[in-house]
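Worksheet: one structure, shown below.
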Amino acid sequence: MADGMRFETAAVHAGQDPEPATGAAIVPIYQTSTFVQPAVGEPRGFEYARTDNPTRRALETCLAALEGSSAAVAFGSGMAAITTLAMAADTRRALIPDDGYGGTYRLFDKVLGRLGIAYDAVDMTDAEAVGKALEQGVDLVLAETPTNPLLKVLDLRALARQAHEGGARLVVDNTFATPYVQRPLEADADAVVYSATKYLGGHSDLVAGAVTTSDEELAERLRFLQNAVGAIPGPFDCWLLLRGLKTLALRMERHCANAAVVAEWLDAHGEVEVVHWPGLPSSAGHELARAQMAAAGRPLFGGMVSFELPSEERALEVCARTRLFFLAESLGGVESLIEHPARMTHASLAGSGIEVAPSLVRLSVGIEHPDDLVADLAAALG
């Protein structure tokens, strides 16, 4: 952490000194497109807001402090962050998860493929499958853990070793865990990517993305492309994200505690066939999660829970009947959400050969009282 500060303190103070001109305690929203220079070629530190902005710089300083990285680069969305990262890494062939966000699959299959970037989708819990895929000549391994939507836990240190031996960089999408729960750079990942829209912002009121890394060469390339391509967040979104980061530790504690109550209740429900949540002792990734998802000093298993019902018809029915769990895409906000991955967040996988069970329901467990959330699910399940 910055200057020896612990996570909670860095979230409030890193990059956020009082504004010198007025003493404002909160970083201002520098809502400007350009900056006046006293003389030709002598800017006061900022020239043009696509290149840099004081609000964005404060955000990037704070993100780097929370990740324990030397650099953080902010983008207009998580997808913009992944796209720019793939460009910065000079990617010719990538590995992506076979259980991952549908938008990531769509990006590699429908967009980056047209630019000459090949990809393979593999089960990254299978070291042999990863090894065989790496033999094809891979530059970038993009992992998610826990995965979306089945909450599989990947061994990051083992993946990093495999990737590096194969001549590839390991990048980890840490959106589900956040740096409060898990820090992939400490497991030898080369970079971490976030949809900051989710838990980092935490209030469902912004869209943003970020990449954190301690690879200075990669960071320099990312900053160049951030300016050259221009997929940046606006100053107001940066300000909202800074505000969200201040309470990230508090919120993640409650998200994780509530998810435990919900997952255990679902696991005991007679109609629920399978519950996917790494905090359950019966989960295949439980022991690995206990060791790896412990950046807070003890295991925390995240606020995402998925479960399977007997049929797609039943899954759709339950999604339509909750009251406190809003039916919506996205995740990580203070309010609880429910969705049907096969028809919503992962609809882009249709016809790809990568199957999401139509009976699967995904929950983003919010910070409401857990008893109310269980009662809502009980009513929806009838």
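No gaps in the numbering here: position 227 of the sequence shown is 208 in our numbering, and each next residue is one more. Cβ atoms here follow ideal geometry from the backbone N, Cα and C, with glycine treated the same way.
- For Leu131 against Ser287, the beta-carbon gap comes to about 6 Å, under 8 Å, which counts as contact.
- By the Cβ test, the region 264 to 279 is not in contact with the region 304 to 316, since fewer than three Cβ pairs between them sit closer than 8 Å.
- Counting the other CB atoms within 10 Å of its CB gives Ile348 a total of 16 or more, which places it among the buried residues.
- In the three-state scheme derived from DSSP, where H, G and I count as helix and E and B as strand, Arg142 is classed as helix.
- Shortest Cα-Cα distance from Val122 to any of Arg95, Leu290, Gly81 and Val162 involves Gly81.
- Looking at the backbone, the Cα of Asp120 and that of Leu151 are separated by about 9 Å.
- Measuring C-alpha to C-alpha distances from Val162 to each of Ser329, Asp90, Thr72 and Pro259 identifies Pro259 as the nearest.
- Listed in chain order, the non-local C-beta contacts of Gln207 below 6 Å within the same chain comprise Val54, local neighbours out to five positions each way being set aside.
- Fewer than three beta-carbon pairs drawn from the region 101 to 112 and the region 20 to 36 are found closer than 8 Å, and the two stretches are therefore not classed as touching.
- Counting of Cβ neighbours within 10 angstroms places Asp107 among the exposed residues, the total staying below 16.
- Excluding residues up to 5 positions away in sequence, Thr85, Tyr86, Phe89, Tyr100, Ala102 and Leu123 lie with their Cβ nearer than 7 Å to the Cβ of Ile77 in the same chain.
- Here DSSP, grouped into helix, strand and coil, assigns Ser176 to strand.
- DSSP links Leu76 through a beta bridge to Asp101 and Val122.
- Under the 10 Å beta carbon count, Glu48 is surrounded by 16 or more other beta carbons and is classified as buried.
- For His(-6), the uninterrupted alpha helix (DSSP H) run begins and ends at Phe(-12) to His(-6), by DSSP.
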